[in-house]
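Here is the structure we will look at.
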Ligand code: RP5
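Numbering (the numbering used here), first residue to last: 21 to 188.
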């Protein structure tokens, strides 16, 4: 398989219990025509498997990695340690701390190993996908155009809603 034939974005999550939220990333990427692969890769339950995926990402043509995890969320950081492909972290609410634990664990990476950290939960998973698509869009004008078209449609919908409201 040539590296260009594989998925452009990887979506990884720490547990099957993260699936519902992380599917939001997949939905957005699919809507923008960005190829992706999604799977469960834990930093502590399956560390070797996760490390192997991270280490092979660049040679497989991956342009961005979205990593969602809850609790003491070290998944995104573990990926960032093993690849120079940009890693985007999604903190998930999985404990009584409601995602604040995961947010701090994901965002507070020491200098040199960045994790682009999104909001907690569903909006974070969605924005992670838009962010990954914007990275892919730097070299794929069709993807960049789809993002621009989506934004235009959102603006038109907001204006139409406002027009209707103001006419009440
Ligand atoms: C993290 O611990 C996972 O990403 C998940 O959000 C959280 C709880 O995992 P489970 O105990 O539900 O498998 O590693």
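Backbone N, C-alpha and C fix where the C-beta goes; we use that ideal spot for every residue, glycine too.
Fair warning: this is a prediction, and the values are worked out from it, not measured in the lab.
query	result
Any non-hydrogen atom of the ligand RP5 closer than 7 Å to residue 33 Cβ	yes
Closer than 7 Å: residue 160 CB and nearest the ligand RP5 heavy atom	no
Rounded separation between residue 21 and residue 184 - CA only	At residue 21 the pLDDT is 42, less than 50, meaning the model places this residue with poor confidence and gives no usable figure here.
Beta-bridge pairing of residue 89 - partner residues as DSSP gives them	111
Residue 119: CB within 7 Å of a non-hydrogen atom of the ligand RP5	no
Per DSSP, the bridge partner or partners of residue 29	56 and 84
Chain-order list of residues whose beta-carbon lies under 6 Å from that of residue 95 (same chain, five-residue window excluded)	34, 63, 87 and 89
Residue 114 beta carbon near the ligand RP5 (any heavy atom closer than 7 Å)	yes
Exposure of residue 44, with buried meaning 16 or more beta-carbon neighbours within 10 Å	buried
Contact belief for residue 17 with residue 91 at Cβ below 8 Å, rounded distance in angstroms	In the structure as shown, the chain starts at 21 and stops at 188, and residue 17 therefore has no counterpart that could be examined.
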